[in-house]
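Report on one structure; see the data block that follows.
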Amino acid sequence: MVVGSAVILMRKRSQIARLYSIAVKSGCQRSGIGHLLTNEVSRAATAHGCTEVRLESRIDNVRAHALFRALGYTPFGAPIPDYYADGASAIRFRKQLRPGISSRVVPEKADNSKIRSLDSNQAPPG
Ligand SMILES: CC(C)(COP(=O)(O)OP(=O)(O)OC[C@H]1O[C@@H](n2cnc3c(N)ncnc32)[C@H](O)[C@@H]1OP(=O)(O)O)[C@@H](O)C(=O)NCCC(=O)NCCS
C-alpha cells in the first residue's frame, strides 16, 4: 500500500532541486511520514549534487508550512499570485543542503523501512 509520495525535479545544469509534490494518505497523516519523505527529498537531492531544494506551497496550507519550517525550509520572495487553479497564491520555500550531512530525523512512530526512493539509476516499481 502506498501511504505517501514525494516528487522531486532535478535538472542536469542546476544545483537547485524542486520539490514538486508531497502528499500523505489522509488516514496516515500525523505519524511522521511527511517528515520522513521531506528528509528523503533532501537526501536524494544531496546525493545528486544539489545544494538547495525549493518548493511552492499554497498560501493557506499551514500544516505543510509547519512541516517545512520544522525541517529547515524558510520562505523567500514575494507570494506568487494566482498560482493555483482556484486563484490562490503560493509561498516559496527553500532549504540549503549541506553535502555529507544527513538531515534524517525519524519520528518514533514512523517506519523508514517503508520509504523507497527512485532515482535515475533505478527502474520504477513493477
Ligand atoms: C503536509 C503533509 C504532507 C504532512 O504529512 P504528515 O505525514 O501528516 O506529516 P508528519 O506526520 O511528519 O508531521 C505532521 C504533524 O504530525 C506531527 N507528528 C509527527 N510525528 C508524530 C508522531 N509520531 N506522533 C504524533 N504526531 C506526530 C508533527 O509534529 C506535525 O505536527 P504539526 O502538524 O502540529 O506541525 C500532509 O498533511 C498532506 O499530505 N497534506 C495534503 C497534501 C499537501 O498539502 N501537500 C503539501 C503541498 S506543498
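Numbering-wise, the sequence shown is residues 1 to 126 according to UniProt numbering. By construction, the Cβ of each residue, glycine as well, lies at the ideal position given by its N, Cα and C atoms.
Beta-carbon proximity check, residue i vs residue j, cutoff 8 Å
i, j, result
"Y20", "V3", "no"
"R18", "R58", "no"
"residue 130", "V24", "Residue numbering for the chain in the displayed model covers 1 to 126; residue 130 lies beyond these limits and cannot be assessed."
"T51", "L97", "yes"
"L71", "H48", "no"
"T46", "P99", "yes"
Segment limits, alpha helix (DSSP H) that includes residue i
i, result
"S42", "I33 to A47"
"A70", "V62 to A70"
DSSP three-state assignment for residue i, whether helix, strand or coil
i, result
"L55", "strand"
"V2", "coil"
"R94", "strand"
"R13", "coil"
"S89", "coil"
"P79", "strand"
Proximal residues to residue i (C-beta, below 6 Å), its chain only, five neighbours per side dropped
i, result
"S103", "Because S103 sits at a pLDDT of 48, beneath the cut-off of 50, its placement in the model cannot be relied upon, and the following sentence gives the value as read from the coordinates. Excluding sequence neighbours, S103 sits near N39 and S42."
"S14", "none"
Other residues of its chain near residue i: CB distance less than 7 Å, five sequence neighbours each side excluded
i, result
"P79", "I59, S89, A90 and I91"
"G77", "R92"
Residue i, enclosing beta strand (DSSP E) - first and last residue
i, result
"G27", "Run containing G27: none; DSSP gives neither H nor E here."
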